[in-house]
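2 protein chains.
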Amino acid sequence: MKRPTIRDVAAAAGVSKSLVSMVYSREDGVSPERRERVLAAAQKLGFTPNQWARSLASGSGNFIGILVVDLHNLIYTEVADLARRALLERGQQTFMAAAIISERKGKKFVEKSTIQALLDLRPNGIIVVGDLPEESALASIPDSVPIVKTIATLRKKDRAVSIRSDDKEAMALVVKHLRMRGHKKIQYIGPTDGAVSEQRLEAFNLAMTNQGLSPKVSTCERTEAGANSAAKAALAEKNPPTALVFFNDVLAVGAQQAVADHVAAGKPFVAVTGFDNTYLSELSQISLTTIEPEKEAIALKAAELITDPKLVASMAGQEILMVPRLIVRKSTDFSQK
Amino acid sequence: MKRPTIRDVAAAAGVSKSLVSMVYSREDGVSPERRERVLAAAQKLGFTPNQWARSLASGSGNFIGILVVDLHNLIYTEVADLARRALLERGQQTFMAAAIISERKGKKFVEKSTIQALLDLRPNGIIVVGDLPEESALASIPDSVPIVKTIATLRKKDRAVSIRSDDKEAMALVVKHLRMRGHKKIQYIGPTDGAVSEQRLEAFNLAMTNQGLSPKVSTCERTEAGANSAAKAALAEKNPPTALVFFNDVLAVGAQQAVADHVAAGKPFVAVTGFDNTYLSELSQISLTTIEPEKEAIALKAAELITDPKLVASMAGQEILMVPRLIVRKSTDFSQK
DNA sequence: TTGTAAGCGTTATCAA
DNA sequence: TTGATAACGCTTACAA
Numbered sequence: 002m003k004r005p006t007i008r009d010v011a012a013a014a015g016v017s018k019s020l021v022s023m024v025y026s027r028e029d030g031v032s033p034e035r036r037e038r039v040l041a042a043a044q045k046l047g048f049t050p051n052q053w054a055r056s057l058a059s060g061s062g063n064f065i066g067i068l069v070v071d072l073h074n075l076i077y078t079e080v081a082d083l084a085r086r087a088l089l090e091r092g093q094q095t096f097m098a099a100a101i102i103s104e105r106k107g108k109k110f111v112e113k114s115t116i117q118a119l120l121d122l123r124p125n126g127i128i129v130v131g132d133l134p135e136e137s138a139l140a141s142i143p144d145s146v147p148i149v150k151t152i153a154t155l156r157k158k159d160r161a162v163s164i165r166s167d168d169k170e171a172m173a174l175v176v177k178h179l180r181m182r183g184h185k186k187i188q189y190i191g192p193t194d195g196a197v198s199e200q201r202l203e204a205f206n207l208a209m210t211n212q213g214l215s216p217k218v219s220t221c222e223r224t225e226a227g228a229n230s231a232a233k234a235a236l237a238e239k240n241p242p243t244a245l246v247f248f249n250d251v252l253a254v255g256a257q258q259a260v261a262d263h264v265a266a267g268k269p270f271v272a273v274t275g276f277d278n279t280y281l282s283e284l285s286q287i288s289l290t291t292i293e294p295e296k297e298a299i300a301l302k303a304a305e306l307i308t309d310p311k312l313v314a315s316m317a318g319q320e321i322l323m324v325p326r327l328i329v330r331k332s333t334d335f336s337q338k
Numbered sequence: 002m003k004r005p006t007i008r009d010v011a012a013a014a015g016v017s018k019s020l021v022s023m024v025y026s027r028e029d030g031v032s033p034e035r036r037e038r039v040l041a042a043a044q045k046l047g048f049t050p051n052q053w054a055r056s057l058a059s060g061s062g063n064f065i066g067i068l069v070v071d072l073h074n075l076i077y078t079e080v081a082d083l084a085r086r087a088l089l090e091r092g093q094q095t096f097m098a099a100a101i102i103s104e105r106k107g108k109k110f111v112e113k114s115t116i117q118a119l120l121d122l123r124p125n126g127i128i129v130v131g132d133l134p135e136e137s138a139l140a141s142i143p144d145s146v147p148i149v150k151t152i153a154t155l156r157k158k159d160r161a162v163s164i165r166s167d168d169k170e171a172m173a174l175v176v177k178h179l180r181m182r183g184h185k186k187i188q189y190i191g192p193t194d195g196a197v198s199e200q201r202l203e204a205f206n207l208a209m210t211n212q213g214l215s216p217k218v219s220t221c222e223r224t225e226a227g228a229n230s231a232a233k234a235a236l237a238e239k240n241p242p243t244a245l246v247f248f249n250d251v252l253a254v255g256a257q258q259a260v261a262d263h264v265a266a267g268k269p270f271v272a273v274t275g276f277d278n279t280y281l282s283e284l285s286q287i288s289l290t291t292i293e294p295e296k297e298a299i300a301l302k303a304a305e306l307i308t309d310p311k312l313v314a315s316m317a318g319q320e321i322l323m324v325p326r327l328i329v330r331k332s333t334d335f336s337q338k
């Protein structure tokens, strides 16, 4: 009933437990016949080594930890999964854990123990997917363990490498696209609860001024309902925007009710854009113009970097920006609506 | 640089390491002054116990493992998160891991090592969220560790307890609803790749015959595109259905293009239903009539059960069926369309 | 090539 | 109440 250990196998095979250990951890150094004997015994007993006991003894778990900051964020799970598959193809074991984000007094924070739990497993490297509200837990990772962050910004003096899409470029694409369609009153709607959201907002402002337009901005919570009421408010003003640029797809989709109501009330068409190109935006009823942040490229790059500690060390504090693509769909195309 | 251990704390506090251990594992048994001294030293060094070394030594990790079968399934992540929060409130630590589902030769299967990895951590109990294609790995869990499955069916001779919604009841609700709106040609579209999907299909068949209707069924892959082409094919027949019942929300949403095209071609309104009441179905542009499987109740029940090993043992092999609710939205309401 | 023994960070047993 | 000492399942010098 109890899981067999290295000792059970050793006894069954008539060898010492170190020999059993060596069979599993080294290619050579044990004679073919003994190796066979050990393997046969292990097979019979149904033995597989306890990965975590190994990591405790050896000081390294020989796997890459993937920390997903928020399971409900479609783009996070997508990138995490892509990275995991890429690592798998490189023969790297991975272990994926989800952080717990709690909210106390309206402020989000990470349950530190979740991160610590993953760290205590002693990963060879760790890929953080998403913006961590608080990350003092990461400080306890030895310098020899590389950290790659994706879809997240770096802190000051951060030794990690960050991979994400170039928000400035993305917003430039969005604003240019809207401007070419004749929009001038363009309003941005999004949260300002983290580094990523603030940078995106700034990127919007910059893109607007570069196009000779004056940016207008309103903030909202990270919920569909929040986006919807923000959009409603924006459209209710006396000189309403003709285009709404949202922080991401989920918010854009959440606000489509307000937009539909506006149009139903006989007001002019309002263009809407999202960000992330999640599968939501593809749906035919939604058909949202959005930005593809090159999720696959981000995941691939993360997988490539994390397996090369020296490289990551040499790039400490750098941000790798992927060139985003604009995906035009019906939400910005009046004729198709 | 290295994380401090119990030994470092003991040295700093001038006590033995057993004492330090006791401070962290027992409420009493160590004098207040020593306790304080230990805590102070720990604080200064930034010590926190290594959870996994504890679990190795004590034989129990003192946490509940949550195994999410597929991160991309909205209902899985939702239930997993709800269960986690419920457990957190009961003061139970949790650790959430994602299974790797690979596909070889068109057949899905779980990367066994993922499950084993979670098991090797020695959880006090394990909640499986979703249907596992293959679960021999679970066999190595000692009988003393309770297993609760959610949104999944039980195998034969399964010692786990399963919590899910009553598909028969759900399908009865759906079919009755459609019948009351005058539909008689009702077609089911869904995959048949697992126990859950097959049971749902059967439930549909049963509900139809109970209503004196003859069921029609077609299968599709678990993708939006698959659902869409299946719907297209169904609607292209000479005597097309007037209502389409889908296995879940994602498929129903994926097929809305085919439905829209059908209506755009001047054909009569086609009612559509989903399953799961994910946030997709709520979106105003989608507004999908669906079944709420009582995710919250499922998660709560799972949390309640998993903390009571004896109870789970006494219920081995039982399935707890939650009474589902029908959520009526525009997708089955011609007048509102 | 193989076995012995110490140790990873912790708990648990048992004297003191 | 405290502190040795032996585990937990495994790795890893080091010795044979």
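Residue numbers (the working numbering), protein chains in the order written: chain C, 2 to 338; chain E, 2 to 338.
Beta carbons are placed, not taken as given, at the ideal position from N, Cα and C, and that holds for glycine.
With the cut-off set at 9 angstroms, would you say residue i and residue j are in Cβ contact?
i         : j         : result
Lys185(E) : Leu214(E) : yes
Ala272(E) : Glu225(E) : no
Pro294(C) : Ala171(C) : yes
Glu283(E) : Arg330(E) : yes
Leu217(E) : Ile187(E) : Position check: residue 217(E) holds Lys in this sequence, whereas Leu was assumed. Yes, the Cβ-Cβ distance between Lys217(E) and Ile187(E) is below 9 angstroms.
Ala228(C) : Phe247(C) : yes
Gln117(C) : Gln52(E)  : yes
Val175(C) : Ile164(C) : no
Gly195(C) : Thr308(C) : no
Using a 10 Å radius around the Cβ and a threshold of 16 neighbouring Cβ atoms, would you call residue i buried or exposed?
i         : result
Asp144(C) : exposed
Ala314(C) : exposed
Gln258(C) : buried
Val183(C) : At residue 183(C) the sequence reads Gly, which differs from the Val that was named. It is exposed - the Cβ of Gly183(C) has fewer than 16 other Cβ atoms within 10 Å.
Glu90(E)  : exposed
Lys106(E) : exposed
Phe276(E) : buried
Gly47(C)  : exposed
Ala14(E)  : buried
Lys239(E) : exposed
Gly30(C)  : exposed
Leu312(C) : exposed
Ala58(C)  : exposed
Could you name the residues of the same chain whose beta carbon sits closer than 7 angstroms to that of residue i, not counting the 5 residues immediately before and after it, in chain order?
i         : result
Met97(C)  : Ile67, Val69, Ala81, Arg85
Glu199(C) : Thr193
Phe335(C) : Phe270
Leu122(C) : Trp53, Ser56, Gly62, Gly66, Phe96
Pro33(C)  : none
Identify, in the order they occur along the chain, each residue of the same chain with its Cβ nearer than 6 angstroms to the Cβ of residue i, setting aside the five sequence neighbours on each side.
i         : result
Lys109(E) : Ile102, Pro134
Ala43(C)  : Val10
Which residue's Cα is closest to the Cα of residue i: the options?
i         : options                                    : result
Glu104(E) : Ile190(E), Ile307(E), Asp71(E)             : Asp71(E)
Thr333(E) : Tyr77(E), Ala13(E), Thr274(E)              : Thr274(E)
Lys3(C)   : Thr49(E), Gly60(E), Lys302(E), Asp132(E)   : Gly60(E)
Leu75(C)  : Leu252(C), Lys268(C), Glu305(C), Ala54(C)  : Leu252(C)
Val197(C) : Val149(C), Asp159(C), Leu312(C), Ala153(C) : Ala153(C)
Val340(C) : Val129(C), Leu281(C), Ala13(C), Ser114(C)  : Lying before the first or after the last residue shown, residue 340(C) is absent from chain C, which here runs from 2 to 338.
Lys45(E)  : Asn240(E), Thr6(E), Ser22(E)               : Thr6(E)
Ala99(C)  : Ala304(C), Thr115(C), Ile65(C)             : Thr115(C)
Lys233(E) : Gln212(E), Asp250(E), Lys268(E)            : Lys268(E)
Pro124(C) : Pro33(C), Arg55(C), Ala208(C)              : Arg55(C)
Ala87(E)  : Ile321(E), Ala304(E), Leu322(E)            : Ala304(E)
Cys221(E) : Leu202(E), Thr210(E), Asn211(E), Leu207(E) : Leu202(E)
Ala237(E) : Ala266(E), Asp250(E), Gly191(E)            : Ala266(E)
Thr210(E) : Arg223(E), Ala231(E), Lys177(E)            : Lys177(E)
Ala12(E)  : Met23(E), Ser32(E), Val39(E), Tyr25(E)     : Val39(E)
Arg278(C) : Thr49(C), Glu297(C), Ile328(C), Val264(C)  : Reading off the sequence, residue 278(C) comes out as Asn, not Arg. When each option's Cα is compared against that of Asn278(C), the closest is Ile328(C).
Val111(E) : Asp132(E), Tyr189(E), Gly191(E)            : Asp132(E)
Ser297(E) : Ile142(E), Met23(E), Leu207(E), Tyr77(E)   : The question names Ser, but residue 297(E) in the sequence shown is Glu. Nearest option by C-alpha distance: Tyr77(E).
Excluding five sequence neighbours on each side, which residues of the same chain lie with their C-beta closer than 8 angstroms to the C-beta of residue i?
i         : result
Leu179(E) : Ile187, Ala244, Val246, Ala272, Thr274, Thr333
Lys113(E) : Glu135, Ser137, Ala138
4 or more residues per run - each alpha helix (DSSP H) lying fully within the segment 224-276 of chain E:
225-237, 250-255, 257-265
If we require 3 or more residues per run, which beta strand (DSSP E) segments fall completely within the segment 87-113 of chain E?
95-99, 102-105, 108-111
Enumerated in chain order, which unbroken segments of the beta strand (DSSP E) with a length of 3 residues or greater are wholly contained in the segment 140-164 of chain E?
148-151
Threshold first: 4 residues or longer. Then list the alpha helix (DSSP H) segments lying entirely within the segment 282-312 of chain C, N to C.
296-307
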